[in-house]
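**Q** Basically the numbering used here = 1-based index in the sequence shown + 16.
Backbone N, C-alpha and C define an ideal beta-carbon position, used for all residues, glycine too.
A quick note: this is a predicted structure, and the numbers were derived from the prediction, not measured.
Quick one: structure below, then a few questions.
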Amino acid sequence: SPNGGVHGCPRWHQQREEPRRPPRAAPMWWRMTGRGPRLGLRWLGTTAQQHAEELKRRNMRIATYASALVLFVFGASYASVPLYKVFCAMTGFGGTTRRADESKLDSIQPVEDGRIIRISFASTVHDAMPWKFKPTQRDLRVVPGETALAFYTVRNNSDKPVTGVATYNVYPPKAGVYFNKIQCFCFEEQRLEAREEIDMPVFFFIDPEILQDPAMDNTSNIVLSYTFFKTADSDADE
Numbered sequence: 017s018p019n020g021g022v023h024g025c026p027r028w029h030q031q032r033e034e035p036r037r038p039p040r041a042a043p044m045w046w047r048m049t050g051r052g053p054r055l056g057l058r059w060l061g062t063t064a065q066q067h068a069e070e071l072k073r074r075n076m077r078i079a080t081y082a083s084a085l086v087l088f089v090f091g092a093s094y095a096s097v098p099l100y101k102v103f104c105a106m107t108g109f110g111g112t113t114r115r116a117d118e119s120k121l122d123s124i125q126p127v128e129d130g131r132i133i134r135i136s137f138a139s140t141v142h143d144a145m146p147w148k149f150k151p152t153q154r155d156l157r158v159v160p161g162e163t164a165l166a167f168y169t170v171r172n173n174s175d176k177p178v179t180g181v182a183t184y185n186v187y188p189p190k191a192g193v194y195f196n197k198i199q200c201f202c203f204e205e206q207r208l209e210a211r212e213e214i215d216m217p218v219f220f221f222i223d224p225e226i227l228q229d230p231a232m233d234n235t236s237n238i239v240l241s242y243t244f245f246k247t248a249d250s251d252a253d254e
């Protein structure tokens, strides 16, 4: 047409149709719930709250377990030395050693050209124990089947009599079954008068069977360690 319109209509009367945009994807929370934004927000809030409550319960469980462990260790240091002895004997915990009977002691002989094993000695005392406790010698060198005698020196530094009892462990733990004690002061109450000092013996040998165990081929050093605890009888005397 003269005016450039369509079907006789002026150009400015023509209405343009805007191109339609593709529909926007629904938000994730809408798609997850399928029931609208209000319910989606409510779902997200509930999940966050549940997560916070679960985290709180988990932290409470961890705190409870930690407190129980502290109480167990604290109580064990005073009251459960006999229980510790039974536990070690049943499980081998701490490298439980063996008690040599007289029949085996009579027949034991040092292994000729046997591997030399270094036995190191260590000692500690509980914080509540007013004793000075140390090995008289740092180490001994023995061959399997050879009997050896070591000493520990203990002194009561307090002005009162004190009774104590010692626990022990062997490192590496797998060596405990080959460490045979003939005489030992562990798990027996030791009472020292004020300022008294004594030497306590440990008579032992390493079982020759250690040389037949492939797991012990690389073991050339064994550590015997004792820890002294103050007994409840000492507290009663005070």
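Please classify Asn-75: is it buried, with 16 or more other beta-carbons within 10 angstroms of its beta-carbon, or exposed?
**A** For this step, residue 75 is matched to residue 59 along the sequence shown. Per the 10 Å Cβ criterion, exposed.
**Q** What did DSSP end up calling Pro-224 once you bin it into helix, strand or coil?
**A** For the purposes of this step, residue 224 is identified with residue 208 of the sequence shown, where counting begins at 1. Residue state, collapsed to three classes: helix.
**Q** For a minimum of 3 consecutive residues, which ranges assigned as the beta strand (DSSP E) are wholly contained in the segment 138-210?
**A** Counting only runs of 3 or more, we get 147-151, 155-158, 163-172, 178-187, 195-199 and 206-208.
**Q** Whose C-beta lies closer than 7 Å to the C-beta of Val-127 among residues of the same chain, with five residues either side of it excluded?
**A** Indexing the sequence shown from 1 puts residue 127 at position 111. Val-159, Pro-160, Gly-161, Pro-224 and Leu-227.
**Q** So what does DSSP say about Tyr-126, is it helix, strand or coil?
**A** Position 110 of the sequence shown, counted from the start, is the residue given in the question as residue 126. Here residue 126 turns out to be Pro, not Tyr, going by the sequence shown. Residue state, collapsed to three classes: coil.
**Q** Taking C-alpha atoms, which residue in Cys-202, Leu-165 and Glu-213 lies nearest to Ser-174?
**A** Taking the first residue of the sequence shown as 1, we reach residue 174 at position 158. When only C-alpha atoms are compared, the closest one is Glu-213.
**Q** Figure out for me which residue from Arg-171, Ala-210 and Met-232 has the closest Cα to the Cα of Val-193.
**A** For the purposes of this step, residue 193 is taken as the residue at position 177 of the sequence shown. Measuring from the Cα of Val-193, the nearest candidate turns out to be Met-232.
**Q** Per DSSP, what kind of secondary structure is Ile-78 in: helix, strand or coil?
**A** By 1-based counting over the sequence shown, the position of residue 78 is 62. In this structure, Ile-78 counts as helix in the three-state DSSP scheme.
**Q** Under DSSP, the beta strand (DSSP E) around Thr-243 begins and ends at which residues?
**A** As a working mapping, residue 243 is identified with position 227 in the sequence shown. Thr-243 -> beta strand (DSSP E) spans 237-246.
**Q** Going by the CB atoms, is the gap between Phe-137 and Gly-180 shorter than 7 Å?
**A** Working through the sequence shown from its first residue, we reach residue 180 at position 164. Working through the sequence shown from its first residue, we reach residue 137 at position 121. Cβ atoms of Gly-180 and Phe-137: not closer than 7 Å.
**Q** Taking the straight line between their C-alpha atoms, what separation do you get for Ala-182 and Arg-73?
**A** Counting from 1 along the sequence shown, the entry for residue 182 is found at position 166. Counting from 1 along the sequence shown, the entry for residue 73 is found at position 57. Going from the Cα of Ala-182 to the Cα of Arg-73 covers about 40 Å.
**Q** What residues in its chain sit with their C-beta under 8 Å from that of Ser-236, if we drop five residues either side in the sequence?
**A** For this step, residue 236 is matched to residue 220 along the sequence shown. So the qualifying residues of the chain are Arg-131, Ile-132, Ile-133 and Arg-134.
**Q** Closer than 7 Å by C-beta to Glu-69: which residues in its own chain qualify, once you throw out the five before and the five after it? Chain order, please.
**A** Here residue 69 is taken as the residue at index 53 of the sequence shown, counted from 1. Around Glu-69: no qualifying Cβ.
**Q** Give me, in chain order, the residues of the same chain whose beta-carbon lies closer than 6 Å to that of Phe-167; leave out the 5 immediate sequence neighbours on both sides.
**A** If you number the sequence shown from 1, residue 167 lands on position 151. Within the same chain, Phe-167 has close Cβ partners Thr-152, Asp-215 and Pro-217.
**Q** Measure how close the beta-carbons of Val-178 and Lys-120 come, nearest whole angstrom, since I'm counting them as under 8 Å.
**A** Numbered from 1 along the sequence shown, position 162 holds the residue referred to as residue 178. Numbered from 1 along the sequence shown, position 104 holds the residue referred to as residue 120. Actually they do not touch by this definition, with Cβ atoms about 36 Å apart.
**Q** On a Cα-Cα basis, can you pick out the residue from Leu-71, Gln-66 and Ser-241 that is closest to Ser-189?
**A** Here residue 189 refers to the residue found at position 173 of the sequence shown. Sequence inspection shows Pro at residue 189; the Ser mentioned does not correspond to that position. Nearest of Leu-71, Gln-66 and Ser-241 to Pro-189, Cα basis: Ser-241.
**Q** Give the C-beta separation of Ile-198 and Phe-219 to the nearest angstrom, bearing in mind that I take them to be a contact with Cβ-Cβ under 8 Å.
**A** Within the sequence shown, the letter at position 182 stands for residue 198. Within the sequence shown, the letter at position 203 stands for residue 219. About 4 Å separates the two Cβ atoms, so the contact holds.
**Q** In angstroms with no decimal places, state the Cα-to-Cα distance between Val-102 and Arg-154.
**A** Walking along the sequence shown from the start, residue 102 turns up at place 86. Walking along the sequence shown from the start, residue 154 turns up at place 138. Because Val-102 sits at a pLDDT of 45, beneath the cut-off of 50, its placement in the model cannot be relied upon, and the following sentence gives the value as read from the coordinates. One C-alpha to the other measures close to 29 Å.
**Q** Let me know the secondary structure DSSP gives Glu-213 once reduced to three states.
**A** Position 197 of the sequence shown, counting from 1, holds the residue named residue 213. Strand, per DSSP.
**Q** CB-CB under 8 Å to Ala-164, same chain, minus the five flanking residues each way: which ones, in chain order?
**A** The residue labelled residue 164 in the question sits at position 148 within the sequence shown. Cβ neighbours of Ala-164 beyond the five flanking positions: Ile-135, Leu-156, Val-158, Phe-219, Phe-220 and Phe-221.
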